[in-house]
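Numbered according to UniProt numbering, the sequence shown spans residues 1 to 143. What follows is one structure encoded as structure tokens, with my remarks underneath.
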Amino acid sequence: MAGLKTLTMIKPGAVKNRHIGAILNMIEEAGFRISAIKSLKLSKEDAENFYEEHKERPFFPELVDFMSSGPIVAAILLKENAVEDFRKLIGSTDPAEAEEGTIRKLFAESKAHNAIHGSDSDASAERECHFFFSSKELLERHP
Ligand code: RTP
Ligand code: MG
1 MAGLKTLTMI KPGAVKNRHI GAILNMIEEA GFRISAIKSL KLSKEDAENF YEEHKERPFF
61 PELVDFMSSG PIVAAILLKE NAVEDFRKLI GSTDPAEAEE GTIRKLFAES KAHNAIHGSD
121 SDASAERECH FFFSSKELLE RHP
């Protein structure tokens, strides 16, 4: 059975451009519950650890620099089939290929500065929720 939760980050560009409110609104309108949420700035080391699966990729240094360049918003989102449904809501990695109406189509500046992150599997969601939130914060709360 597909998992109930996913982890998102509103990336530094979208925070800087004051799109937090609009993005969270789209997330709630799409049926996700925000179970935990915080704003913080990642260090370079944090960003390296978060994206360690990409460390051999040519874009890794740029990714780490960007993700540690300013504050982000991290949140745990709850919904049936959360990972897949959220990846649909955010759209393709490259906004040029993202469908109309998706968060990346609306708010991404480029493939590198693409507004938002979504976990790519239930296992990644589990790891990424623990990356940002303590066990108390991880208790699944339905308002
Ligand atoms: P994310 O993990 O941030 O949700 O993005 P994603 O799954 O759609 O894409 P992924 O392959 O995991 O790549 C992570 C982030 O690295 C940047 N990237 N840049 N310049 C490039 O060719 C390139 N490829 C990937 C993107 O910001 C992507 O979101
Ligand atoms: Mg990814």
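For every residue, glycine included, the Cβ atom is placed at its ideal position computed from N, Cα and C.
>> Considering just the uninterrupted stretch of the beta strand (DSSP E) at Ala-118, what are its terminal residues?
In response: Walking along the sequence shown from the start, residue 118 turns up at place 118. First, the residue type needs correcting, since residue 118 is Gly and not Ala in the sequence shown. Note, Gly-118: beta strand (DSSP E), 116-118.
> Can you tell me the Cα-Cα spacing of Phe-86 and Asp-122, whole angstroms?
Replying inline: In the sequence shown, counting from the first residue as 1, residue 86 sits at position 86. In the sequence shown, counting from the first residue as 1, residue 122 sits at position 122. Distance between the alpha carbons of Phe-86 and Asp-122: 12 angstroms.
>> Just verifying my parser: in three-state terms, what is the DSSP assignment at Lys-44?
In response: What you label residue 44 is simply residue 44 of the sequence shown in a count that begins at 1. Three-state DSSP puts Lys-44 in a helix.
> Can you tell me the Cα-Cα spacing of Ile-34 and Glu-52, whole angstroms?
Replying inline: Here residue 34 refers to the residue found at position 34 of the sequence shown. Here residue 52 refers to the residue found at position 52 of the sequence shown. CA-to-CA, the gap between Ile-34 and Glu-52 works out to about 26 angstroms.
> Given a threshold of 16 other Cβ atoms within 10 Å of its Cβ, counted over all protein chains shown, does Ser-39 qualify as buried or as exposed?
Replying inline: Start at 1 with the first residue of the sequence shown, and residue 39 comes out as number 39. Exposed.
>> Does Lys-55 pass the burial test, meaning 16 or more other C-beta atoms within 10 Å, or should it be called exposed?
In response: Here residue 55 refers to the residue found at position 55 of the sequence shown. Residue burial is scored here from C-beta neighbours: Lys-55 has fewer than 16 other C-beta atoms within 10 angstroms and is therefore classed as exposed.
> Comparing the CB of Thr-102 with every heavy atom of ligand 1, is any distance shorter than 6 angstroms?
Replying inline: For the purposes of this step, residue 102 is taken as the residue at position 102 of the sequence shown. In terms of side-chain proximity, the C-beta atom of Thr-102 is found no nearer than 6 angstroms to any non-hydrogen atom of ligand 1.
> Should Ala-2 go down as buried or exposed, given a rule of 16 or more other Cβ atoms within 10 Å for buried?
Replying inline: Here the question's residue 2 lines up with position 2 in the sequence shown. It counts as exposed.
> Between Glu-99 and Glu-45, what straight-line distance do the alpha-carbon atoms span, to the nearest angstrom?
Replying inline: As a first step, residue 99 must be located in the sequence shown, where it is residue number 99. As a first step, residue 45 must be located in the sequence shown, where it is residue number 45. Between Glu-99 and Glu-45, the C-alpha separation is close to 33 angstroms.
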